[in-house]
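Undergrad: One structure coming up, written as structure tokens, with questions to follow.
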Amino acid sequence: MEFRNILPPGPAGLGHLTREGIAAALSTRTPRRRPRSDAETSHRLAEQPGSTPLPAAPVPAAVLVPLVERDDGWTVLLTQRTAHLAHHPGQISFPGGRQEEADTDPTAAALRETEEEIGLGADAIHIVGTLDDYVTITGFQIVPVVGLVTPPFTLSPDSFEVKEVFEVPLAFFLDPSNHQRHSRTMPNGDTRYFYAMPYRDYYIWGATAAILVNLYEALRP
0 MEFRNILPPG PAGLGHLTRE GIAAALSTRT PRRRPRSDAE TSHRLAEQPG
50 STPLPAAPVP AAVLVPLVER DDGWTVLLTQ RTAHLAHHPG QISFPGGRQE
100 EADTDPTAAA LRETEEEIGL GADAIHIVGT LDDYVTITGF QIVPVVGLVT
150 PPFTLSPDSF EVKEVFEVPL AFFLDPSNHQ RHSRTMPNGD TRYFYAMPYR
200 DYYIWGATAA ILVNLYEALR P
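Everything in the sequence shown is counted per numbering that gives the first Met the number 0, starting at 0 for the first residue and increasing by one.
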């Protein structure tokens, strides 16, 4: 495995955003027309020119990007998936999943999945916007829905799906010196590059890390 930091230090003060500032940044941005993807991320980090194909019919999905307003600063709420799940076992992720027929839109799917997975109800979440769609190598097209969460709140994680719920300071993700390029050699011999943001004992990588890079790009001045 190869890794290196890929971005220079950014401007100071990103960790002290206000609710109004976050809401303004997310509500006024225009998401990309073409989704981001694992393939595009790999090409970008490998510094290879050219476009990358998208799956013909990716499965619609949504995740909640929960920003928690703590007294000592904003945090990002994340989950660690249990090891026996069929998709992304053991990985660090946002609460979320595939969009069901009963969901009116991606936001409804993200809120439903969040309540099912960690017990955080929609009444505790203030939705402020979305980031760019992201298509995974496993064939899901994810809509990242950003929501602000104000304590106190009580969580009741689904023990079948969720091993742990934890928070990471938002300032950590908004410091581009923590955005690392990692790589792995695939079974066919190709090298896949991806973002990773290791934090303490948590290895945050792949689509989750790429979405956090998108969040950084949306919130930076």
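Glycine included, every Cβ here is placed at the ideal spot set by N, Cα and C.
Among D71, M196, A217, V167, which has the Cα closest to the Cα of H181?
TA: Checked all of D71, M196, A217, V167; the closest Cα to H181 is M196.
Undergrad: Grab me the residues of L53's own chain with a C-beta within less than 7 Å of its C-beta, minus the 5 sequence neighbours each way, in chain order.
TA: Excluding positions up to five away in sequence, the list reads P34, S36, V134.
Undergrad: May I have the straight-line CA-CA distance separating R32 from S155, to the nearest angstrom?
TA: If you take the alpha carbons of R32 and S155, they lie about 36 Å apart.
Undergrad: Quick one, which of G138, I21, D71 has its alpha-carbon nearest G96's?
TA: When each option's Cα is compared against that of G96, the closest is G138.
Undergrad: Who pairs with H83 in a beta bridge, going by DSSP?
TA: None; H83 has no bridge partner.
Undergrad: Who are the near neighbours of T207 in its chain, counting only those whose CB is closer than 6 Å to its CB and skipping five residues on each side?
TA: Result list for T207: I91, S92, in chain order.
Undergrad: Since I believe E116 is in contact with P94 (beta carbons under 8 Å), could you give me their beta-carbon distance rounded to a whole number of angstroms?
TA: Yes, P94 and E116 are in contact; Cβ-Cβ is about 5 Å, under 8 Å.
Undergrad: Residue range of the beta strand (DSSP E) that F184 falls in?
TA: Per the sequence presented here, residue 184 reads as Thr, with Phe not at that position. 179-184 is the extent of the beta strand (DSSP E) around T184.
Undergrad: Counting C-beta neighbours from all protein chains within 10 Å, is the total for G205 16 or more, i.e. buried, or is it exposed?
TA: Buried, because 16 or more other Cβ atoms sit within 10 Å of the Cβ of G205.
Undergrad: Can you tell me whether DSSP reads F193 as helix, strand or coil?
TA: Strand.
Undergrad: Would you kindly work out how many angstroms separate the C-alpha atoms of T103 and A56, rounded to a whole number?
TA: Their Cα atoms are separated by approximately 20 Å.
Undergrad: Quick test of the definition: if touching needs 3 or more C-beta pairs under 8 Å, does the segment 158-167 touch the segment 123-131?
TA: No: the two stretches stay apart, fewer than three of their Cβ pairs being nearer than 8 Å.
Undergrad: Taking buried to mean at least 16 other C-beta atoms within 10 Å of its own C-beta, is P10 buried or exposed?
TA: Because P10 carries a pLDDT of 41, less than 50, the predicted location of this residue cannot be relied on, and no value is offered for it.
Undergrad: Pull up the distance between the alpha-carbon of I126 and that of Q140, whole angstroms please.
TA: Distance between the alpha carbons of I126 and Q140 is about 20 Å.
Undergrad: Using only CA atoms, which one of L66, P30, A61 lies nearest to P168?
TA: If we check each option's Cα against that of P168, L66 comes out closest.
Undergrad: What separation, rounded to the nearest whole angstrom, lies between the Cα atoms of P59 and L25?
TA: Between P59 and L25, the C-alpha separation is close to 21 Å.
Undergrad: Between which residues of its own chain and H42 is the CB-CB distance below 6 Å, once the five residues before and five after are set aside?
TA: T51, listed in sequence order.
Undergrad: Helix, strand or coil, according to DSSP, for E163 in the structure here?
TA: Three-state result, E163: strand.
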